[in-house]
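Step one of this worksheet: look at the structure below.
There are 2 protein chains.
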Amino acid sequence: MTNYEFSNSVPKKVNDAIGEVFKAASDPEVISFAGGLPAPELFPVQEIKQATSDVFDQYGKEVLQYSGAIGYKGLREQIVDIMAERKVETNIDNIAITTGSQQSIDLTARMLINPNDVIFVEDPTYLSAIDVFKSYGAKIIGIPMDDDGIRIDVLREKMEKYPNGKMIYTIPNFQNPTGRTLSLERRKELVSLANEFGTHILEDDPYGAIRFSGEFLPSLKSFDTEERVIYLSSFSKILAPGLRMGWLVADSKFMDKFLLMKQSADLHTDNLTQYIISQFMKNNDIKQHIKLISEAYKNRADLMIKQIDKKFPEGVKHSNPEGGMFIWVELPGNIDSDELFKICIKNNVAFVSGSAFYPNKVTKGTFRMNFSNMSDEQIILGIDRMAKAIKEMM
Amino acid sequence: MTNYEFSNSVPKKVNDAIGEVFKAASDPEVISFAGGLPAPELFPVQEIKQATSDVFDQYGKEVLQYSGAIGYKGLREQIVDIMAERKVETNIDNIAITTGSQQSIDLTARMLINPNDVIFVEDPTYLSAIDVFKSYGAKIIGIPMDDDGIRIDVLREKMEKYPNGKMIYTIPNFQNPTGRTLSLERRKELVSLANEFGTHILEDDPYGAIRFSGEFLPSLKSFDTEERVIYLSSFSKILAPGLRMGWLVADSKFMDKFLLMKQSADLHTDNLTQYIISQFMKNNDIKQHIKLISEAYKNRADLMIKQIDKKFPEGVKHSNPEGGMFIWVELPGNIDSDELFKICIKNNVAFVSGSAFYPNKVTKGTFRMNFSNMSDEQIILGIDRMAKAIKEMM
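Laid out in structure tokens, this is it:
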């Protein structure tokens with residue numbers, strides 16, 4: 003038998019903790035607040051079916067042939083309008099279609115990170131971004147957050163310590179895993195800081211459109227006067243994640259090279275799917291669909307918070323997301339949420355322990371709860387089960 | 003304006019020679035033998051439309067949700083059967099679905115190559131594979147070919163010189179760009195050599211199913227007793243490349259890590275498209291479709307060779323492919339095919355100069371001609387134009 007000599011990009015041990023969580027949570031008996039899955043019952047199946055049929059009738063063989071790395075022009079034109087609603091003026095040449103935001107993160111990281119480069123991230127943050135950055139050999143510096151998002155004072159300190167930091171990775175809206183949103187003032191400060199230190203910002207915005215309370219906040223990209231911000235978004239949360247379709251907005255100097263890397267990675271994104279999404283948005287008002295999702299998620303978030311406040315023991319803290327999919331919970335005392343997970347899974351309820359999301363030092367007793375994927379009944383029952391387990395441990 | 007500090011993965015200069023070729027060739031006035039595009043008029047548009055409609059009716063929201071990195075089980079089961087026809091016994095756990103073969107090459111390279119690792123390739127070979135290997139810092143050693151494929155004697159010499167070579171990359175069937183096929187004996191020798199030196203083989207087989215003459219030859223993977231061969235194939239040439247769907251066959255030690263990398267790269271391949279291809283193969287006999295394509299391509303290849311023999315000047319050599327999409331042409335004397343391209347494009351006919359395909363030293367006067375994408379009339383007229391240009395240069 004051969005022994006593969008894997009490259010340094012490959013993790014030495016297959017430590018797929020999160021995979022184990024999802025495996026356990028996939029038991030149909032389990033009420034799962036673990037994943038980051040949209041509500042499947044809200045997928046517009048018939049409308050997407052109709053759009054697909056229209057695409058075959060209207061474009062035929064064109065959608066089955068190879069196409070360009072940058073993506074379908076018709077779709078990029080529609081994304082120009084989506085970006086305008088997000089207060090970012092751009093044009094089709096500065097938009098590239100990707101095979102989901104995960105690919106945008108991976109390729110951007112690959113383009114910017116050399117081994118030992120420093121990347122600043124929110125602490126905690128999206129675990130698959132951490133994995134990507136690590137795979138390219140980055141040194142990851144976690145910056146603590148409060149209710150207004152990443153702490154600019156601490157970020158400045160760390161940037162002074164590592165003045166050659168390559169990139170700041172941030173999820174400004176309804177952050178994964180905390181559900182927190184970066185305040186308007188801090189958005190401006192973050193861009194200023196990037197300008198001052200000559201670093202880049204990777205603005206990951208998969209959830210921003212799903213705002214169900216509070217005020218719209220302009221993206222970091224909208225404050226970017228020096229082309230330092232690379233903006234990522236996706237159709238996964240606003241339409242359907244199975245379609246694997248994201249986009250990236252960046253200036254032309256970045257884009258020229260990005261398209262070479264994109265071509266190396268998978269030539270171009272599935273052409274049929276690009277046309278389907280474009281046609282869906284011609285046939286339907288996606289804003290109406292997003293409104294529908296947002297209202298449903300608001301009800302679920304409100305219910306989950308109500309139940310947490312009512313059932314979890316005193317001293318438990320949680321975030322109050324104004325959108326997105328996640329609530330962040332902090333337990334008092336010394337409760338280990340990895341241990342709590344083990345008890346909960348025996349009682350058929352799942353979440354993701356905070357330990358998965360911290361790039362450096364883990365803050366114990368924290369965990370992420372998803373509210374988008376479970377029904378009201380499941381939310382009520384699941385919180386009851388969790389509350390019982392927490393009380394047992396306290 | 004910002005100055006990006008790109009990583010070492012990014013080419014210093016944007017030198018997209020091949021992009022320029024395709025740009026020139028995309029003028030509708032130009033008869034293009036440049037690309038590697040299937041014949042779009044043979045795409046089974048109505049059958050794929052029907053399969054899609056069936057998928058929505060039968061599976062609904064399931065195809066729009068996130069799914070696993072390894073890919074749709076139903077499709078992997080069908081690929082087990084496809085592999086059995088190619089004389090490779092495998093099972094669903096050793097098959098991963100990828101976003102096209104380009105992704106399989108990229109991720110496999112990323113998993114195996116550290117900077118300065120040696121990769122052996124056929125000389126000339128698929129240019130986007132060269133680009134991928136270079137982006138990971140590989141040292142690429144081209145091994146000359148003859149009509150029976152890669153020369154094993156030279157490969158052995160080079161492997162003795164570089165005994166720690168990481169991988170042999172080969173396209174055994176109807177190779178890109180030469181159209182040549184590796185003989186049965188050399189297939190066995192190549193696997194023995196890999197065993198002897200403890201190296202891996204990346205067997206890239208996008209064209210193998212499109213055989214229109216000669217005898218079927220078993221894949222390298224079928225001779226692999228030490229799990230050294232990673233086998234890649236794709237639906238791009240046998241069904242439709244716009245769907246971006248490939249697969250990889252490897253043993254479990256490789257697969258465990260591959261799935262982590264796949265997850266980092268794009269979470270999983272477009273779920274809807276996986277179901278569409280699976281449903282297409284349930285509704286239709288894909289072997290019949292492949293037969294149809296192969297017959298059409300045989301006619302075009304025969305015609306192109308007939309015209310080359312008749313119209314090109316004496317002393318011109320060409321390969322005689324038994325399948326696939328490409329013919330390789332070698333001009334006598336000192337003709338520079340980059341220069342020939344310039345004259346040809348002025349006369350509205352295009353091909354790809356050999357210079358794009360050589361990883362090390364370019365053999366002048368060589369070029370690749372694609373026969374799958376043009377009609378009989380275009381083939382006749384295009385060869386006339388090329389013959390005129392070649393005579394001008396001689």
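Chains A and B supply the protein sequences, listed in that same order.
So for the first sequence, our numbering puts the first residue at 3; every next one is plus one.
So for the second sequence, our numbering puts the first residue at 3; every next one is plus one.
Quick reminder that beta carbons are idealized off the backbone N, C-alpha and C, glycines included.
Please read these numbers as outputs of a predicted model, since none were measured by experiment.
For VAL82/B, report the span of its alpha helix (DSSP H) as first-last.
Locating residue 82/B in the second sequence gives position 80, counting from the first residue. 75 to 87 is the extent of the alpha helix (DSSP H) around VAL82/B.
Given this structure, state the Cα-to-Cα distance separating MET371/A from ASP108/A, to the nearest angstrom.
By one-based count along the first sequence, residue 371/A stands at place 369. By one-based count along the first sequence, residue 108/A stands at place 106. Roughly 25 Å between the two C-alpha positions.
For my contact list, VAL65/A and GLY244/B are in at a C-beta cut-off of 8 Å; report their separation, rounded to the angstrom.
Counting from one through the first sequence, the residue named residue 65/A turns up at place 63. Counting from one through the second sequence, the residue named residue 244/B turns up at place 242. Yes, VAL65/A and GLY244/B are in contact; Cβ-Cβ is about 6 Å, under 8 Å.
Taking the beta strand (DSSP E) that ALA53/B belongs to, which residues open and close that run?
Counting from 1 along the second sequence, the entry for residue 53/B is found at position 51. Premise fails: ALA53/B lies in the alpha helix (DSSP H), 47 to 61, not in any beta strand (DSSP E).
So with CB distances below 7 Å, who are the chain A contacts of PHE256/B?
Residue mapping note: residue 256/B aligns to position 254 of the second sequence, counting from 1. Those within 7 Å of PHE256/B in chain A are TYR6.
Apply the 10 Å Cβ neighbour rule to SER321/B and answer buried if 16 or more other Cβ atoms are within range, or exposed otherwise.
For the purposes of this step, residue 321/B is identified with residue 319 of the second sequence, where counting begins at 1. By the neighbour-count rule (16 or more Cβ atoms within 10 Å), SER321/B is buried.
Hey, quick one: how far does the beta strand (DSSP E) through THR172/A stretch, first residue to last?
To locate residue 172/A, count along the first sequence from 1; it is residue 170. It spans 169 to 172 - the beta strand (DSSP E) in which THR172/A sits, taken as one unbroken run.
Would you list, in chain order, the members of the region 291 to 314 of chain B that have their beta-carbon closer than 7 Å to a beta-carbon of chain A?
Here the close residues number zero.
Quick check on the DSSP output: what are the complete beta strand (DSSP E) runs of length 3 or more inside the region 194 to 263 of chain A, in order along the chain?
Listed in chain order, they are 202 to 206, 231 to 236 and 248 to 251.
Following the continuous alpha helix (DSSP H) through ALA391/A, name the residue where it begins and the one where it ends.
Start at 1 with the first residue of the first sequence, and residue 391/A comes out as number 389. Unbroken alpha helix (DSSP H) run through ALA391/A: 378 to 395.
Going by DSSP, what residue range makes up the beta strand (DSSP E) through GLU332/B?
Within the second sequence, numbered from 1, the residue matching residue 332/B stands at position 330. That run of the beta strand (DSSP E) goes 328 to 332.
Pull up the DSSP beta-bridge partners for SER355/A, would you.
As a first step, residue 355/A must be located in the first sequence, where it is residue number 353. Answer is PHE369/A.
Note the first and the last residue of the continuous alpha helix (DSSP H) segment covering ASP311/B.
By 1-based counting over the second sequence, the position of residue 311/B is 309. Where ASP311/B is concerned, the enclosing alpha helix (DSSP H) stretches over 288 to 313.
Return the first residue and the last residue of the alpha helix (DSSP H) that THR275/A is part of.
Translated into the one-based positions of the first sequence, residue 275/A becomes position 273. First-last of the alpha helix (DSSP H) with THR275/A: 273 to 285.
Determine the direct distance from the alpha carbon of SER280/A to that of VAL47/A, and round the result to whole angstroms.
The residue given as residue 47/A occupies position 45 in the first sequence. The residue given as residue 280/A occupies position 278 in the first sequence. When rounded, the distance between both Cα atoms is 15 Å.
Taking its Cβ as the centre, do 16 or more other Cβ atoms sit within 10 Å of GLY317/A, making it buried, or is it exposed?
In the first sequence, residue 317/A corresponds to position 315, counting from 1. Counting Cβ neighbours within 10 Å, GLY317/A comes out exposed, since fewer than 16 surround it.
Which residues of chain B have a Cβ atom closer than 8 Å to the Cβ of LEU245/A, listed in chain order?
Taking the first sequence and counting its residues from 1, one reaches residue 245/A at position 243. Correct list: LEU66, ASP272, ASN273 and LEU274.
If distances are taken between C-alpha atoms only, which option among TYR299/A, ASP149/A, GLY144/A and GLY167/A comes closest to VAL156/A?
The count along the first sequence starts at 1 and reaches residue 156/A at position 154. Of TYR299/A, ASP149/A, GLY144/A and GLY167/A, the residue nearest in Cα terms is GLY144/A.
Where does LYS363/A sit, in a helix, a strand or coil, going by DSSP?
Here residue 363/A refers to the residue found at position 361 of the first sequence. In the structure shown, LYS363/A sits in coil (DSSP, three-state: anything other than H, G, I, E or B).
Within 7 Å (strictly less), CB to CB, does ILE115/A reach chain C?
The structure shown has no chain C; the protein chains it does contain are A and B.
Taking the straight line between their C-alpha atoms, what separation do you get for GLY37/B and ILE170/B?
The count along the second sequence starts at 1 and reaches residue 37/B at position 35. The count along the second sequence starts at 1 and reaches residue 170/B at position 168. One C-alpha to the other measures close to 25 Å.
Pull up the CB-CB distance for SER9/B and ASN118/A, whole angstroms please, since I reckon it's below 8 Å.
The residue you call residue 9/B lines up with position 7 of the second sequence. The residue you call residue 118/A lines up with position 116 of the first sequence. Rounded, the Cβ-Cβ distance is 11 Å, inconsistent with contact.
So is PHE45/A in contact with chain B if we call contact Cβ pairs under 7 Å?
As a working mapping, residue 45/A is identified with position 43 in the first sequence. PHE45/A counts as touching chain B.
Count the other CB atoms, across all protein chains shown, that sit within 10 Å of the CB of LYS289/A; report buried if there are 16 or more and exposed otherwise.
For the purposes of this step, residue 289/A is identified with residue 287 of the first sequence, where counting begins at 1. Its Cβ having fewer than 16 others within 10 Å, LYS289/A is exposed.
Locate the alpha helix (DSSP H) running through THR127/A, then write down its first and last residues.
As a working mapping, residue 127/A is identified with position 125 in the first sequence. No alpha helix (DSSP H) holds THR127/A; DSSP gives it neither H nor E.
Name the chain A residues whose beta carbon is nearer than 8 Å to that of ALA211/B?
Here the question's residue 211/B lines up with position 209 in the second sequence. Per Cβ cutoff of 8 Å: no residues; ALA211/B is ~17 Å from chain A at best.
In the DSSP assignment, the beta strand (DSSP E) including ASP404/A goes from what residue to what residue?
There is simply no residue 404/A to check, as chain A begins at 3 and stops at 396 in what is shown.
So if DSSP puts LYS319/A in a beta bridge, which residue, or which two residues, is it bridged to?
Here the question's residue 319/A lines up with position 317 in the first sequence. For LYS319/A, which the question treats as bridged, DSSP gives the partners GLU332/A.
Please check the pair VAL134/B and ALA111/B, which I expect to be a contact at CB under 8 Å, by giving their CB distance rounded to whole angstroms.
Counted from its first residue, the second sequence places residue 134/B at position 132. Counted from its first residue, the second sequence places residue 111/B at position 109. Yes, VAL134/B and ALA111/B are in contact; Cβ-Cβ is about 5 Å, under 8 Å.
Checking 7 Å against the spacing of the C-beta atoms, do LEU261/A and GLN104/B come in under that value?
Sequence index remark: in the first sequence, residue 261/A carries index 259 (1-based). Sequence index remark: in the second sequence, residue 104/B carries index 102 (1-based). No, Cβ-Cβ distance for LEU261/A and GLN104/B is not below 7 Å.
Taking 7 Å as the cut-off, decide whether the C-beta atoms of PHE328/B and GLY139/B are in contact.
One-based indexing of the second sequence puts residue 328/B at position 326. One-based indexing of the second sequence puts residue 139/B at position 137. No; because the gap between Cβ atoms is not below 7 Å, this pair is not in contact.
Where do the ends of the alpha helix (DSSP H) carrying ALA111/B lie?
As a position in the second sequence, residue 111/B is number 109, starting the count at 1. That run of the alpha helix (DSSP H) goes 103 to 114.
Between which two residues does the beta strand (DSSP E) harbouring ILE345/A extend?
Working through the first sequence from its first residue, we reach residue 345/A at position 343. Looking at the DSSP string, ILE345/A is not in any beta strand (DSSP E); the run it does join, the alpha helix (DSSP H), is 339 to 348.
Can you grab the Cα-Cα spacing for the pair LEU129/B / TYR360/B, in whole Å?
Here residue 129/B refers to the residue found at position 127 when the second sequence is read from its first residue. Here residue 360/B refers to the residue found at position 358 when the second sequence is read from its first residue. Taking the straight line joining both Cα atoms gives about 8 Å.
Which word fits PHE122/B, buried or exposed, when buried means at least 16 other C-beta atoms lie within 10 angstroms of its C-beta?
Looking up residue 122/B in the second sequence gives position 120. Buried, since its Cβ has 16 or more Cβ neighbours within 10 Å.
Quick one: which chain A residues come within Cβ less than 9 Å of GLN380/B?
Stepping through the second sequence from its first residue, residue 380/B is reached at position 378. Simply none; closest approach about 17 Å.
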